[in-house]
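This report refers to the structure that appears directly beneath it.
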Amino acid sequence: MSVIVELDIHSVDFQLGQILSTEGGGKLSLKRMVPLGEQPVPFFYISEYASDSFEADVRNHPSVSELYVVNTHNGETLYGLDWNIKDDTFFDTLLTLDGHILRASSEKNQWMFQIQFRTHEAFSRFQESCFEGDIPIDIKRIYNPTKPDAGPWYGLTPPQRKTLQYAVERGYYSLPRQISTQEIADEFGISDQAVSERLRRAITTLVTNTLLLAADKE
Numbered sequence: 002m003s004v005i006v007e008l009d010i011h012s013v014d015f016q017l018g019q020i021l022s023t024e025g026g027g028k029l030s031l032k033r034m035v036p037l038g039e040q041p042v043p044f045f046y047i048s049e050y051a052s053d054s055f056e057a058d059v060r061n062h063p064s065v066s067e068l069y070v071v072n073t074h075n076g077e078t079l080y081g082l083d084w085n086i087k088d089d090t091f092f093d094t095l096l097t098l099d100g101h102i103l104r105a106s107s108e109k110n111q112w113m114f115q116i117q118f119r120t121h122e123a124f125s126r127f128q129e130s131c132f133e134g135d136i137p138i139d140i141k142r143i144y145n146p147t148k149p150d151a152g153p154w155y156g157l158t159p160p161q162r163k164t165l166q167y168a169v170e171r172g173y174y175s176l177p178r179q180i181s182t183q184e185i186a187d188e189f190g191i192s193d194q195a196v197s198e199r200l201r202r203a204i205t206t207l208v209t210n211t212l213l214l215a216a217d218k219e
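When we follow our numbering, the leftmost residue of the sequence shown carries the number 2, and every step to the right adds one.
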């Protein structure tokens, strides 16, 4: 089953981030990665950057072969970049494991990536590679694209997710049980019967969108 990961990483901690680092923390948005031959070429938008020397700084980077302007529109410039990805452990590992960048942007030299991996194993290998390469990634969220309408919480509604999380954290499912349905009900201002029904539906939704879905694909 595929997995989608949202993570933060500072520009100084990976090669492309260093290449595209901007004085004053300009705004960058990675548009797409296009494979040309064996070399993937990133296209990115940049706007509101403070340094007039940005293009010169990028072109002078030892890993960069070429930087070119694709077009400009409404104060934004679309660039294409040819660089040696083998110098970038973060990106090289990402593409080797067939990770797909869904979204990537930078502001004040802090990057946010949304990446989809084909399997949890591929994501684990990506994490291991970053750890071994001393690349400090900050994982913000992990979820499975289970169904188009499931959303990031496996189809749980916000009340279901909060109630189930609270019940687990407070020991409702521990042996012996450490909190009652009435105490959970008091926390959320609902009846104990409503708590039981909410938990039942939350667990049914979780199993349907995870275990049963995975079993159907085996």
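For each residue, glycine too, the CB sits at the ideal point set by N, CA and C.
Review point. According to DSSP, is D99 helix, strand or coil?
Key: Coil at D99, not helix or strand.
**Study point:** C-beta contact flag for I20 and I138 at 8 Å
**Key:** Taking C-beta atoms as the reference points, I20 and I138 fail to come closer than 8 Å.
Point to revise | DSSP-derived helix/strand/coil call for D217 | key: For D217, the predicted model reports a pLDDT of 43, less than 50, meaning its position is unreliable and no value from the coordinates is stated.
Check your understanding: Taking the Cβ atom as the reference point for each residue, do L29 and S107 lie within a distance shorter than 8 Å?
Key -> Yes, the Cβ-Cβ distance between L29 and S107 is below 8 Å.
**Study point:** Under 8 Å between C-beta atoms of L79 and L68
**Key:** Contact: no.
Review point. Can the beta-carbon of H101 be found less than 8 Å from the beta-carbon of I86?
Key: The Cβ atoms of H101 and I86 do not sit closer than 8 Å to each other.
Review point. What three-state label does DSSP hand S12 in the structure shown?
Key: Note: S12 maps to helix in three-state DSSP.
Practice item. Name, in chain order, the residues that DSSP records as bridge partners for P160. Key: As computed with DSSP, P160 is found in no beta bridge at all.
Point to revise | C-beta atoms of F132 and F15 nearer than 8 Å | key: Result no, Cβ atoms of F132 and F15 do not sit closer than 8 Å.
Exercise for review: Tell me S106's beta-bridge partners as DSSP assigns them.
Suggested key: The partner list for S106 (beta bridge, DSSP) reads S30 and M113.
Check your understanding: Just the Cα atoms here: how many angstroms apart are Q194 and T182?
Key -> Using only the alpha carbons, I get a separation of about 8 Å.
Exercise for review: Determine the burial state of L176: buried for a count of at least 16 other Cβ atoms within 10 Å of its Cβ, exposed for fewer.
Suggested key: Counting Cβ neighbours within 10 Å, L176 comes out exposed, since fewer than 16 surround it.
Point to revise | Nonlocal neighbours in the same chain, by C-beta distance under 6 Å from G134, ignoring five residues either side | key: For G134, where only same-chain residues beyond five positions count, the Cβ hits under 6 Å are T90.
Exercise for review: Grab me the residues of G172's own chain with a C-beta within less than 8 Å of its C-beta, minus the 5 sequence neighbours each way, in chain order.
Suggested key: Here the set comprises R178, Q179 and I180.
Review point. If you draw a straight line from the C-alpha of Y155 to the C-alpha of T209, how long is it?
Key: Near 9 Å, if we compare the C-alpha coordinates of T209 and Y155.
Review point. How long is the line joining the alpha carbons of H74 and E198, rounded to whole angstroms?
Key: In a straight line, the C-alpha of H74 is about 53 Å away from that of E198.
Point to revise | Alpha carbon of F127 to alpha carbon of S192, nearest angstrom | key: About 45 Å.
Check your understanding: Out of A186, V169, S66 and R201, which has the shortest C-alpha to C-alpha gap to P43?
Key -> Minimum Cα-Cα distance from P43 among the listed residues A186, V169, S66 and R201 corresponds to S66.
Exercise for review: Can you grab the Cα-Cα spacing for the pair E122 / R104, in whole Å?
Suggested key: Counting only the Cα atoms, R104 lies some 21 Å from E122.
Review point. So S3 is in the alpha helix (DSSP H); what residue range does that whole segment cover?
Key: Note, S3: premise wrong, no alpha helix (DSSP H); not H, not E.
Check your understanding: Thinking C-beta only, is S3 closer than 8 Å to T120?
Key -> It is a contact, given that the beta carbons lie within the stated cut-off.
Point to revise | Three-state class that DSSP yields for H74 in the structure shown | key: The DSSP-derived three-state label of H74 is strand.
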